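Q:
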Amino acid sequence: MAKLWCCWWPLTPLLFQLLINSAISRLEQATTPPLPILPLPSFSQLKWQQRELIMFLHFGVNTFTGSEWGTGHEDPAIFDPVGLDANQWVDTAVEAGVSLVILTAKHHDGFCLWPSNYTDHSVVRSPWRNGRGDVVQELVDAAKTRGVDVGLYLSPWDRHDRRYGRDLVYNEYYLAQLQELLKKYGSVREIWFDGAKGANATNMTYYFTEWFSMVKELQSSINIFSDAGPDIRWVGDENGSAGSTCWSTINRSKLAIGKAGIEDYLSTGDPKGRDWLPPECDVSIRPGWFWHKSESPKKLSKLLEIYYNSVGRNCLLLLNVPPNTTGLISEEDVKRLKEFRSAIDTIFSTNLAESCLLVKASSKRGGKEGGFGPENVLDNDHLWTYWAPRDDYKGDHWIEFTSGTDEGLRFNVIRIQEAIGLGQRIKRHEIYVDGIRVANGTTVGYKRLHRLEGGVVHGRVVRIRIIESRGVPLISSVGLHFDPYWHP
Ligand code: FUL
């Protein structure tokens, strides 16, 4: 063995060099990804964006009084949801494809759904579970066994507590409750700071800076929602509809919690915005946020319209499904949610673009071996694999799909997704079928859905043109779908 080594050893430096050279040339062949365009989402914001649909649970004394804004004088004894089953809430959420549920731990009436140490206006004084109940805990437990995440809403406006109006003591009270909620119940993924407040409410300054710092200290992966972020912004309305132009970027310095007159800015965002602050669309499945006997859920067609106007415009849809006086989500709501999920699956489970013979683009970043070809828009990764044009390409950027069959393609929905991990870029785009323009729009973002106003189109060649963008456009996914529920 030693002898063999002796005759081979003069060759080893040469072999070594060859190995190094081949490694270097392999390295040289790999094309690097393009530079991002700032601002960028944080890790938690990216995770949040991919959820698409999340659920709100408005529940409390209003459920029993039939009101939307409680007065704060409600008797805790009225809160008695004898059949409360948080497992049923979370099962309903899972069947609807929801991965995060947000509960109103305290609404404007000040009644607490958990046994807070800092007030007795809570479940402690209600007959439910003989005053030993804790709705937050029951939700957290049910969610944990089903792998669903939890978020909490804690209303700053409190119509019950006598400290409200005295800045220091009320801010301390609010902060104490925040600490209870964020220390005791494990991981909380979103916290909702509602800017709403009655016109004649007592004057009060909230110490948002202290509150937000404390939240981040206690829960590092949490997203803070408010009119002004810092992680998620309100979309500016409660109809579940974003602007048809919708940037995740905005200037936070122009926003303030509870400030009137910024709704349009919130809805469209700002292409020059220095902050990544994506919008969330909150809307209720029923007319009210709380359950009322006389109300019923929205029709499927309305829910689908909301979906296209929120998820389809680069937003998250936060759909409120309020538990009733029994403490359950009503059967009619459960049924409507199932229809909603099944409709979304029916529409989007088939992507006709995948059956195309040819996918080509105006240009492609890197050489043959580079991983930025147009075929990337057809894989299952809608974030980190994407089509990238050449940086120095001067003409219009486009990507084109050609059907391989005589029948061609029949569709009425086009889905486009940007690789937002590298910044939101597309400002204007158009879609052509066999040379005829069938849709056009401005922003794309994480997901843009065009439900064709003209109904179903039929053709062989589909081209998406990017007319204007910040830097080169990076497209991570494209879908051509058929929506059988759409009858314009
Ligand atoms: C509003 C509140 O006043 C409503 O009652 C509801 O909670 C909604 C989500 O936010 O600002």
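Mind the numbering: the sequence shown is residues -25 to -1, 1 to 463 in mature numbering (1 follows the signal peptide of the UniProt record, and there is no 0), read in order. Positions of the beta carbon are idealized from the N, C-alpha and C atoms, including for glycine. On a predicted model such as this, the values are computed, not experimentally measured, just so you know.
In angstroms with no decimal places, state the Cα-to-Cα distance between E49 and D250.
A: 41 Å
Q: Do R340 and T79 have their C-beta atoms closer together than 8 Å?
A: no
Q: How about I260 and D308: do their beta carbons lie closer than 8 Å?
A: Yes. Within cutoff.
Q: Return the bridge partner residues of T184 from the DSSP annotation.
A: The partner list for T184 (beta bridge, DSSP) is empty, contrary to what the question assumes.
Q: Suppose the cutoff is 8 Å on Cβ atoms and the five residues either side in sequence are ignored; what does the same chain contact list for S97 look like?
A: P51, F86, C87, L88, W89, P90 and S91
Q: Tell me where the alpha helix (DSSP H) around R426 begins and ends.
A: From DSSP, R426 is part of no alpha helix (DSSP H) but of the beta strand (DSSP E) over R423 to R426.
Q: On the criterion of 16 or more Cβ atoms from any shown chain inside 10 Å, does H433 qualify as buried, or is it exposed?
A: exposed
Q: Does DSSP put C(-20) in a helix, in a strand, or in coil?
A: With a pLDDT of 42 at C(-20), under the threshold of 50, the predicted position of this residue should be treated as unreliable, and no value is reported.
Q: Can you give me the C-alpha to C-alpha distance between S162 and H462, rounded to a whole angstrom?
A: Straight-line Cα distance between these residues: approximately 43 Å.
Q: Within 10 Å of its beta-carbon, does V413 have 16 or more other beta-carbons around it, so buried, or fewer, so exposed?
A: buried
Q: Does the distance between the C-beta of A394 and the nearest non-hydrogen atom of ligand 1 fall short of 7 Å?
A: False, no ligand heavy atom lies under 7 Å from that Cβ.
Q: Please determine, among T38, F200 and Y145, the residue with the shortest C-alpha to C-alpha distance to I77.
A: F200
Q: Does the Cβ-Cβ distance between residue 465 and G106 come in under 8 Å?
A: Nothing in the structure corresponds to residue 465, since the chain is present only between -25 and 463.
Q: Quick one: grab the DSSP three-state call for E350.
A: helix
Q: Does the separation of the CB atoms of V190 and I166 fall below 8 Å?
A: yes
Q: Using C-beta distances below 6 Å, list every residue in its chain close to R288, excluding the 5 sequence neighbours before and after it, in chain order.
A: A217 and C221
Q: G41 and H372 - do their beta-carbons sit closer together than 8 Å?
A: no
Q: Leaving out five residues on either side along the sequence, give the residues of the same chain with a beta carbon under 7 Å from the beta carbon of T243.
A: G218, T220, C221 and W222
Q: Hey, would you say the C-beta of W264 is under 7 Å away from at least one heavy atom of ligand 1?
A: Remark: the C-beta of W264 is in contact range of ligand 1, defined as less than 7 Å to any heavy atom.
Q: My assumption, with CB atoms under 8 Å, is that L150 sits in contact with L129. Please give the rounded CB distance.
A: L150 to L129, Cβ: 10 Å. No contact.
Q: Secondary structure at I53, three-state DSSP: helix, strand or coil?
A: DSSP places I53 in helix when its eight states are reduced to three.
Q: Would the beta-carbon of residue 472 be found less than 7 Å away from any heavy atom of ligand 1?
A: The structure shown has nothing for residue 472, since the chain only spans -25 to 463.
Q: Quick one, which of L241, D381 and I411 has its alpha-carbon nearest L332's?
A: D381
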